[in-house]
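For reference, the structure discussed in these notes is given below.
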Amino acid sequence: MKRLLAGVFGAAVLASGVLVANAGTAQASPQACRTPWTDGTTYGVSCSGGPYIAVAQCKNGQWVQGASASNYSWSYAYCSTVGSTYKSGTGYALYL
Numbered sequence: 004m005k006r007l008l009a010g011v012f013g014a015a016v017l018a019s020g021v022l023v024a025n026a027g028t029a030q031a032s033p034q035a036c037r038t039p040w041t042d043g044t045t046y047g048v049s050c051s052g053g054p055y056i057a058v059a060q061c062k063n064g065q066w067v068q069g070a071s072a073s074n075y076s077w078s079y080a081y082c083s084t085v086g087s088t089y090k091s092g093t094g095y096a097l098y099l
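Residue numbering for the sequence shown follows my numbering, beginning at 4 and increasing consecutively.
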């Protein structure tokens with residue numbers, strides 16, 4: 004029963020069409036993201052398809068998100084807007 008529920012849940016997640024890419028790695032989706040960009044304060048992503056947004060956690064614990072982008076345009080999440088810098092390894096692309 005547990006395997007059946009896990010399989011059903013896994014299929015539902017894949018069918019949802021939401022892609023989360025962390026450190027430039029796409030997870031089970033045809034969309035692809037380029038290597039993320041950061042200057043230590045800002046986190047940026049550029050991916051195929053869309054729309055998507057950049058999402059990142061800042062060192063002060065707050066989360067920030069960028070503007071909607073698509074088709075390899077860049078979306079930037081600015082930690083400077085919350086008086087902080089980017090917490091390495093927390094950024095990802097969120098498909099809307």
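All C-beta atoms, glycine included, are put in the ideal place defined by N, C-alpha and C. As the structure is a prediction and not an experimental result, all values here were calculated from the model.
- Return the Cβ separation of Cys61 and Lys90 in integer angstroms, given the expectation that the two are a contact with Cβ distance under 8 Å. With a Cβ gap of about 6 Å, Cys61 and Lys90 count as contacting.
- Query: Given Gln68, which residues of its chain have a CB within under 7 Å of its CB, disregarding the five upstream and five downstream residues?
  - Reply: Taken in chain order, the residues that qualify are Ile56, Ala57, Val58 and Ala80.
- How would you call Gly43, buried or exposed, if buried means at least 16 neighbouring beta carbons within 10 angstroms? In summary, Gly43 is exposed, with fewer than 16 beta-carbon neighbours lying within 10 Å of its beta-carbon over all protein chains present.
- Item | Which listed residue (Gly53, Gly92 and Tyr98) has its alpha carbon closest to that of Tyr46 | Scanning Gly53, Gly92 and Tyr98 for the CA closest to the CA of Tyr46 turns up Gly92.
- Query: Hey, out of Gly86, Trp77 and Cys82, whose CA is closest to Trp40's CA?
  - Reply: Comparing alpha carbon positions, the residue from Gly86, Trp77 and Cys82 closest to Trp40 is Trp77.
- Query: Going by alpha carbons, who is nearest to Gln65 out of Thr38, Cys82 and Ala96?
  - Reply: The option with the nearest alpha carbon to Gln65 is Cys82.
- Item | Identity of the residue in Gly53, Gln34 and Asn63 nearest Ser87 by Cα | Distance check between Ser87 and each of Gly53, Gln34 and Asn63 places Asn63 closest, using alpha-carbon atoms only.
- Express the C-alpha separation of Thr84 and Gly52 in angstroms, rounding to a whole number. Their backbone Cα atoms lie some 27 Å apart in a straight line.
- Task: State the beta-bridge partners of Gln68 as determined by DSSP.
- Result: For Gln68, which the question treats as bridged, DSSP gives the partners Val58.
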